[in-house]
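The opening position of the sequence shown corresponds to residue 1222 in the numbering used here, with each subsequent residue numbered one higher. Notes to accompany the following structure.
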Amino acid sequence: MLRSHTCGELRIEHVGTEVTLSGWVQRIRDKGGLMWIDLRDRYGVTQLTFEEGKSDATVVDQARNLGREFVIQVKGKVVERYSKNDKIPTGQIEIETIELNVLNASQTPPFIIEDDTDGGEDLRMKYRYLDLRRNEVREKLALRSKLAIAVRNYLAEIDFLEVETPVLIKSTPEGARDFVVPSRINPGEFYALPQSPQTFKQLLMVSGFDRYFQIVKCFRDEDLRADRQPEFTQIDCEMSFVDRDDVLGVFEGMTQHLFKNIMNVDLGEFPHMTYAEAMEKYGSDKPDIRFAMEFVNLNEVAQNKGFNVFDQAELVVGICAKGCAEYTRKQLDALTDFVRKPQIGAKGLVYVKCNPDGSFKSSVDKFYSQEDLKAWAEQSGAEPGDLILVLSGATNTVRKQMNELRLHMGTELGLRKSDEYQPLWVVDFPLLEWDEETERYHAMHHPFTSPLNDDIAKLDSAPGEVRANAYDLVINGVEIGGGSIRIHDREMQKTMFKHLGFTDEEAKAQFGFLMDAFEYGAPPHGGIAFGFDRLCAMFGGTETIRDYIAFPKNTSGRDVMIDSPSPVANDQLKELGIKLS
Ligand code: ASP
């Protein structure tokens, strides 16, 4: 070993010991006769001293020639520090250096590799391997590793087998575009990278594997946002001989275990909420239930009073912001500006101040009497001192807008506390979603999801009303996982493909293997997948999943460190039979 201890290990009780340390030069302070060097490795920082007259002259000389991020090995004696540093665990001691070996020199790094760095985001991404030397960045990956190991241990303990599935496959429709890979030995043919191992894990159930999991890379060629990466990781799971509540039970247990063991947070039992209720009360299929501020339907009290905008709306919906009746003109204008932002798209915002004296002041006083507004307040559960905010329009659109406003108000009022965790299962999603553009139904989850038994009869008559046996795990308004009970019957799978607009031939060509497998004793099965990067971000208390990926892509899908994607040589293209236009 090139070291006897790590740079984070030595304490006052080591005083007098001779040690060998290896690491990177973080900082050099040269005070003439006396020189200090902070030596860093993954475990911490230890201070080295070099003193003219005391240390060997050649060693002092060598030290003078070091630069930041040189890799060195030192031998020396642990001594008690004269001026101690309480901020670091090794702050009681320092090393009187006896011998110094330069293991490797370094160019001056492009940014300072310390907690406080002078490097901008782009520069740090280009030199990600240097950024990973910083505590903050490394700790996030250490958390990821801890979570992955905890997941493996927990699932292995209850008989789950981790099985790897292939990366070069055929398209698995999960609602995104595939990444494709040309096959050289099969000219003109392509593999697709898996959007998830969905069909493989179902085949493993047919194989009798019964409880499967895999911490696995998935690939989706989507437009990117802060919380999306073209390649991301799932904790992918599947179980046989289960119904919905069995699956939810196992993965509620796993989630509770992770929160307890890694963060010491007791999550308690997860409530269930139907998709319909989530949309009605929160306008979102991933409601943040750390705070109430539920939607109130005001159609009955607000319509037919001569206010055209409300009369023509499909839905007039309000939320009650507790204690906000004192909002100033400026604050109300800011809220109106917020809902009018193009991303939200509301035309305007109506407010009712429930004054402390029991009277009401609204932006629509022209149309509504005090009595009318009192009815709004009663409907909304608003008390004197509260503020009612109202939007109107087509149901789906206005719910989305109100969801944004509710979250905004929740943030503004400090109701979305970062140290509070509120999980819930959202269940009974619609099976199919109408797509205006292509004018056909899409599977809301994926085509292998089973409809609820009660709704199967409606598949032909009212496909849009059929509910799926699908579920999402939502924590603090973030979708952490999702899954479903699957179709395990060939005929039902065929019907499903038909509703999704596949001809029999297309279904056979794409998914014949799965439907064939269903003819050889496919057990009832269901599963779930967790977004592992997102789970890490939630445990780490930040929003960007990128921080938890060792070598992430930027928002243009580029890896700026290795400079990818990049053109390939003509010969390579020729070999693949590809011509660029
Ligand atoms: N394959 C699904 C997904 O990636 C998860 C599942 O249904 O298990 O969302």
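We put the CB at the ideal spot given by N, CA and C, even for glycine.
Compare the C-alpha of residue i against each of the options and name the closest.
{"i": "Phe1434", "options": "Glu1459, Phe1440 and Arg1449", "result": "Glu1459"}
{"i": "Arg1688", "options": "Lys1298, Met1475, Ile1677 and Val1695", "result": "Ile1677"}
{"i": "Val1699", "options": "Lys1438, Glu1764 and Leu1321", "result": "Glu1764"}
{"i": "Leu1694", "options": "Trp1646, Ala1683 and Tyr1662", "result": "Trp1646"}
{"i": "Val1240", "options": "Thr1420, Thr1329, Arg1224 and His1720", "result": "Arg1224"}
{"i": "Val1388", "options": "Tyr1375, Ala1397, Gly1396 and Val1402", "result": "Val1402"}
{"i": "Phe1497", "options": "Glu1357, Asn1617, Tyr1548 and Thr1386", "result": "A small fix is needed here, since residue 1497 is Ala in this sequence, not Phe. Among Glu1357, Asn1617, Tyr1548 and Thr1386, the Cα nearest to that of Ala1497 belongs to Asn1617."}
{"i": "Leu1364", "options": "Trp1655, Leu1756, His1663 and Asn1374", "result": "Leu1756"}
{"i": "Tyr1350", "options": "Leu1797, Phe1516 and Ile1770", "result": "Ile1770"}
{"i": "His1667", "options": "Ile1249, Gly1244 and Phe1650", "result": "Phe1650"}
{"i": "Gly1527", "options": "Ala1596, Arg1432, Tyr1375 and Tyr1589", "result": "Tyr1589"}
{"i": "Phe1753", "options": "Asn1697, Leu1797 and Val1437", "result": "Val1437"}
{"i": "Lys1595", "options": "Ala1523, Gly1722, Ala1371 and Arg1355", "result": "Ala1523"}
{"i": "Tyr1572", "options": "Lys1562, Val1537 and Ile1565", "result": "Val1537"}
{"i": "Asn1322", "options": "Gln1714, Thr1238, Asp1768 and Ile1293", "result": "Ile1293"}
{"i": "Phe1669", "options": "Phe1718, Leu1634 and Leu1636", "result": "Phe1718"}
{"i": "Asp1814", "options": "Asp1780, Lys1795, Asp1792 and Gly1396", "result": "Outside the shown range of the chain, which is 1222 to 1802, sits residue 1814, and nothing can be said about it."}
{"i": "Gly1229", "options": "Leu1260, Phe1271 and Pro1451", "result": "Leu1260"}
{"i": "Arg1302", "options": "Gln1283, Phe1291 and Val1236", "result": "Val1236"}
{"i": "Lys1481", "options": "Asn1674, Cys1439 and Ala1371", "result": "Ala1371"}
{"i": "Asn1325", "options": "Val1246, Gln1731, Ala1730 and Ser1671", "result": "Val1246"}
{"i": "Ser1461", "options": "Gly1429, Phe1440 and Pro1451", "result": "Gly1429"}
{"i": "Asn1286", "options": "Met1256, Lys1308 and Gly1297", "result": "Met1256"}
{"i": "Cys1545", "options": "Arg1432, Leu1673 and Glu1633", "result": "Glu1633"}
{"i": "Pro1644", "options": "Gly1409, Ile1510 and Tyr1548", "result": "Ile1510"}
Using the Cβ count rule (16 or more neighbours within 10 Å means buried), how would you classify residue i?
{"i": "Arg1345", "result": "buried"}
{"i": "Leu1186", "result": "Here the chain comprises residues numbered 1222 to 1802, so residue 1186 is not present and cannot be evaluated."}
{"i": "Gly1176", "result": "One cannot answer for residue 1176 here, as it falls past the ends of the chain, which runs 1222 to 1802."}
{"i": "Val1427", "result": "buried"}
{"i": "Ser1787", "result": "exposed"}
{"i": "Phe1421", "result": "buried"}
{"i": "Lys1587", "result": "exposed"}
{"i": "Ser1505", "result": "buried"}
{"i": "Ile1483", "result": "exposed"}
{"i": "Asp1277", "result": "exposed"}
{"i": "Glu1625", "result": "buried"}
{"i": "Thr1311", "result": "buried"}
{"i": "Ser1366", "result": "exposed"}
{"i": "Met1222", "result": "exposed"}
{"i": "Gln1423", "result": "buried"}
{"i": "Thr1476", "result": "buried"}
{"i": "Gln1328", "result": "exposed"}
{"i": "Asp1607", "result": "buried"}
{"i": "Thr1267", "result": "buried"}
In three-state DSSP terms, what is residue i?
{"i": "Leu1610", "result": "strand"}
{"i": "Ile1803", "result": "Here the chain comprises residues numbered 1222 to 1802, so residue 1803 is not present and cannot be evaluated."}
{"i": "Leu1321", "result": "strand"}
{"i": "Gly1297", "result": "strand"}
{"i": "Met1426", "result": "helix"}
{"i": "Asp1282", "result": "helix"}
{"i": "Phe1364", "result": "The amino acid at residue 1364 is misidentified as Phe; the sequence shows Leu. Residue state, collapsed to three classes: helix."}
{"i": "His1226", "result": "coil"}
{"i": "Val1384", "result": "coil"}
{"i": "Lys1438", "result": "strand"}
{"i": "Val1402", "result": "strand"}
{"i": "Tyr1350", "result": "helix"}
{"i": "Lys1621", "result": "helix"}
{"i": "Tyr1642", "result": "coil"}
{"i": "Phe1411", "result": "strand"}
{"i": "Arg1627", "result": "helix"}
{"i": "Ser1417", "result": "coil"}
{"i": "Asp1780", "result": "strand"}
{"i": "Thr1724", "result": "coil"}
{"i": "Ile1483", "result": "helix"}
With 7 Å as the threshold, decide whether the Cβ of residue i is near any Cβ in chain D.
{"i": "Asn1525", "result": "This model lacks chain D altogether; it includes just one protein chain."}
*asked:* Contact between the segment 1735-1752 and the segment 1707-1719 is defined here as three or more beta-carbon pairs at a separation below 8 Å; is this criterion met?
replied: Yes, they touch.
*Which runs of the alpha helix (DSSP H), 4 residues or longer, sit entirely within the segment 1234-1280?*
If we require 4 residues or more, the segment 1234-1280 turns out to have no alpha helix (DSSP H) run fully inside it.
*Which runs of the alpha helix (DSSP H) fall wholly inside the segment 1732-1771 and span at least 4 residues, in chain order?*
Fully contained in the segment 1732-1771 are the following alpha helix (DSSP H) runs of length 4 or more, in chain order: 1753-1761.
_With a threshold of 8 Å, are at least 3 pairs of Cβ atoms found where one atom belongs to the segment 1470-1485 and the other to the segment 1771-1780?_
They do not touch, by the three-pair rule.
*Let me know the alpha helix (DSSP H) ranges lying completely inside the segment 1646-1721, each 4 residues or longer, listed in chain order.*
Counting only runs of 4 or more, we get 1679-1682 and 1711-1720.
*For the segment 1506-1574, which segments carrying the alpha helix (DSSP H) assignment without a break, of at least 4 residues, lie completely within its bounds, in sequence order?*
The qualifying runs are 1520-1523, 1529-1532 and 1550-1561.
*Could you say if the segment 1587-1603 and the segment 1534-1554 meet the contact criterion of at least three C-beta pairs nearer than 8 Å?*
Contact between the segment 1587-1603 and the segment 1534-1554 is present, because at least three Cβ pairs lie under 8 Å.
_Using a Cβ distance threshold of 8 Å, determine whether the segment 1652-1664 contacts the segment 1710-1727, with at least three qualifying pairs required._
Cβ pair count under 8 Å is three or more, so yes.
*Given 8 Å, three or more beta-carbon pairs between the segment 1448-1456 and the segment 1780-1800*: Two segments are said to touch when three or more pairs of C-beta atoms, one from each, lie closer than 8 Å; by this definition the segment 1448-1456 does not touch the segment 1780-1800.
_Inter-stretch contact (C-beta, 8 Å, three-pair minimum) for the segment 1375-1384 and the segment 1312-1331_ = No, they do not touch.
_Tell me whether the segment 1331-1338 and the segment 1267-1282 touch, counting them as touching only if at least three CB pairs, one residue from each stretch, are closer than 8 Å._
No: the two stretches stay apart, fewer than three of their Cβ pairs being nearer than 8 Å.
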